[in-house]
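Report on the structure given below.
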Amino acid sequence: MRILVVDDEPDVVESVRIGFALHWREIDVLGAGTGEAALDAVEHERPDIVLLDIGLPDIDGFEVVKRIRAFSDVPVVMLTARDDSMDIVKGLEAGADDYVTKPFNHLELMARVRAVLRRLTMPVPTSRAPSFRWLDLEVDFEKQEARVKGKRLDLTPTEYKLLYHLVRNQDHVLQHATLLAKVWGREYVDEVDYLRVYIRRLRDKLGDDPNAPRYISTERGLGYRFVGRADHN
Amino acid sequence: MVTSVGQRRLEDTFSGQRSESDRLAELEQLRTDLLSTIAHELRTPLTAIRTSVGLLQDAEHAPDAEQRATLLATIDRNALRMQRVVGEILDLARFRAGSIQLQLRRFDARELASTAIASLQPLAESAGQRIALSAPGSATWVFGDYRRLEQALVNLLSNAGKFSARGASVEVTVDKPADGREVRWTVSDHGPGISAEDQERLFERFFVGRNDVGGETRGVGLGLPTVLAIAQAHGGRVDVESELGRGSTFAIVVPATGPDVDGDER
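Read top to bottom, the protein sequences are chains B and G.
Using the numbering used here, the letters of the first sequence map in sequence onto residues 85 to 317.
Using the numbering used here, the letters of the second sequence map in sequence onto residues 991 to 1256.
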């Protein structure tokens, strides 16, 4: 397995390299110091996961992840020096899968890398239950796909998982922590920003309006609820 | 074309003749820039330090001798980097507040140049670069704060090295223009040069040029503002001459007789 570490500080790359050499021998660490070098490495070296610093000297990390997403689904973990949620949301919206805040140590970093890899290999939930239908939406649990007015939605596995848990609990509020644990894993129960970003994406794809929701209702301070019959009486 | 920076009073650099709302907007921008800069420039070396310390402390997966040496060198290098960043931030804040008292004495400007060069020599050698000094044959007396002016010259030399390719040379000259009324330390490199657009912003705090040779030595963007603050505190200025593709020349110019302590310049 190969990991690409993109940071303009060679000492960060080197200490991460030694960390993986000692703790996770199956991983080869590749290094890149600029956004251009990172894009080149993703294209030609095909790493299994990318750790990407935001503060790069040529192209900022947000732009790099956007460009990566134009040709690759490789998981990207942003390395950010700022822990305010604006940077985190911006990274997730650009297409990153996760983030780690500097300064981190090798154990925190490896735990995050493991969590991302585990999440990506977690099976998408399937069920023999009959398809779910509500207004224009149909969710086919067996085929793991959703359609609106018969047109198939292009959902990522994470978006599908989120939709799956919402519709399987129609009319019930799913708390932030519950959804995060079900979709991302237990170590993510405090990452409410992840939910906000993915709920927004899901609503966009469903054509839903958060102010007059036909599908996903925000339960302020609590979580989200897939709307049900009670909303339409 | 030579651009001189420093004819205005030091505080004008920070406040200028702008409206209150402009000043507030500038302060807000400064706060944001400062946070980003501190976040990146301190947390990045802290990451290298924390990762290295964690690996050295890990008895179960102990690094070998070579790895230990690498990790210890990483800790040392990054601790020094943090020390430098903190020092630059504090220095500039003190200059801005006018709380730095210059320790004035008479000294030979050539000696200061030699000391500054000596402190950068190991770094230059590791980059395969050469620093050459050209100075008058006799003592070039100046009245100023030796330590602060050395700090300013070291900043210029450090920048010249950062923006020079491996194997390139950097030239330092000492002279007394203006009929001996001024003393000038000039640092010239053969790096990529600075665009006219970037030259206008060079002395802004936290401005970092984009065309450094290695692409990995960005710094905090406080070096040149500090050089300017030191020159201005001496009643002097900083001259800049640069063209893209033709290298850059920076000169610290101060009155040979020292700052006018009763005048408007301090």
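By construction, the Cβ of each residue, glycine as well, lies at the ideal position given by its N, Cα and C atoms.
The structure displayed is predicted, hence computed values, not measured ones.
Mapping DSSP to helix, strand and coil, what is residue i?
i       : result
B:M162  : strand
G:T1130 : coil
B:P187  : coil
B:F216  : strand
G:E1172 : strand
B:G115  : strand
B:F146  : helix
G:A1114 : helix
G:R1156 : coil
B:R86   : strand
G:R1227 : strand
B:L204  : helix
B:S156  : coil
G:S1011 : helix
Along the chain, where does the alpha helix (DSSP H) that runs through residue i open and close?
i       : result
B:I102  : P94 to H107
B:E129  : G119 to E129
G:T1163 : No alpha helix (DSSP H) holds G:T1163; the beta strand (DSSP E) holding it covers S1159 to D1165.
G:Q1141 : Y1136 to K1152
G:R1191 : A1186 to R1191
G:T1239 : Run containing G:T1239: none in the alpha helix (DSSP H); it sits in the beta strand (DSSP E), S1238 to P1245.
G:V1217 : G1213 to A1223
B:D171  : S169 to A178
Between residue i and the rest of its own chain, which residues show a CB-CB distance below 7 Å, the 5 nearest in sequence each way excluded?
i       : result
G:G1183 : S1232, E1233, L1234, G1235, R1236, G1237 and S1238
B:L204  : P159
B:G291  : V232
G:I1065 : I1039, S1042 and V1043
B:R287  : P294 and I300
G:T1264 : A question about residue 1264 of chain G goes unanswered here, because the residues of chain G that appear run from 991 up to 1256.
For a contact meaning CB atoms closer than 7 Å, what does residue i contact in chain B?
i       : result
G:G1044 : N189, H190 and L191
G:A1038 : E93, D95, V96 and S99
G:H1051 : L106 and H107
G:L1061 : S99 and I102
G:T1041 : S99, V100, G103, N189 and H190
G:T1064 : D95, E98 and S99
Give the residues of chain B in contact with residue i, contact being defined as C-beta atoms less than 9 Å apart.
i       : result
G:Q1073 : None at all; the shortest Cβ gap to chain B is about 15 Å.
G:S1262 : Residue 1262 of chain G lies beyond the residue range present for chain G, which begins at 991 and ends at 1256; the question has no answer from this structure.
G:S1026 : G139, A165 and R166
G:T1022 : What G:T1022 touches in chain B: nothing, since even the nearest Cβ is about 11 Å away.
Identify the contact partners of residue i in chain B, using a Cβ-Cβ distance below 8 Å as the criterion.
i       : result
G:N1274 : This structure does not reach residue 1274 of chain G, given that chain G is present from 991 up to 1256, and the question cannot be answered.
G:Q1057 : I102, A105 and L106
Is there at least one non-hydrogen atom of the ligand FMN closer than 7 Å to the beta-carbon of residue i?
i       : result
G:G1181 : As far as ligands go, the structure on display features none, and thus does not contain the ligand FMN.
Who are the neighbours of residue i on chain G, taking C-beta pairs under 8 Å?
i      : result
B:R151 : Chain G residues near B:R151: none, gap ~18 Å exceeds 8 Å.
Closer than 8 Å by C-beta to residue i: which residues in its own chain qualify, once you throw out the five before and the five after it? Chain order, please.
i       : result
G:S1009 : none
B:D167  : T185
G:T1105 : E1140
B:Y278  : L176, L264, W268 and Y272
G:E1206 : Its pLDDT being 40, under 50, G:E1206 is placed unreliably in this model, and the value from its coordinates should be taken loosely. Nothing listed; no residue qualifies.
Ends of the beta strand (DSSP E) at residue i?
i       : result
G:A1125 : Taken as a continuous stretch (DSSP letters only), G:A1125 belongs to no beta strand (DSSP E), as it is neither H nor E.
B:F310  : G307 to F310
G:D1250 : First-last for G:D1250: undefined, no H or E at that position.
B:D137  : I133 to D137
Given that residue i touches chain G, what residues does it touch there, using C-beta distances under 7 Å?
i      : result
B:A165 : A1029, H1030, R1033 and T1034
Please work out which residues of its chain come closer than 6 Å, Cβ to Cβ, to residue i, disregarding the five sequence neighbours upstream and downstream, and give them in chain order.
i       : result
B:P241  : V208
G:L1046 : L1061
B:R309  : V257, S301 and E303
G:I1121 : I1107, A1114 and V1160
G:I1090 : R1084
B:D112  : R86
B:D318  : Nothing in the structure corresponds to residue 318 of chain B, since chain B is present only between 85 and 317.
G:D1254 : At G:D1254 the pLDDT is 42, less than 50, meaning the model places this residue with poor confidence; the figure from the coordinates comes in the next sentence. Counting only Cβ-Cβ distances below 6 Å, and skipping sequence neighbours, we find nothing.
Mind pulling the chain G residues with CB within less than 9 Å of residue i?
i      : result
B:K174 : Those within 9 Å of B:K174 in chain G number zero; the least Cβ separation is about 13 Å.
>> If we require 4 or more residues per run, which alpha helix (DSSP H) segments fall completely within the stretch 1050–1097 of chain G?
In response: 1055–1087
> Which ranges would you report for the beta strand (DSSP E) in the stretch 219–302 of chain B if only whole runs of at least 3 residues count?
Replying inline: 221–224, 229–232 and 257–259
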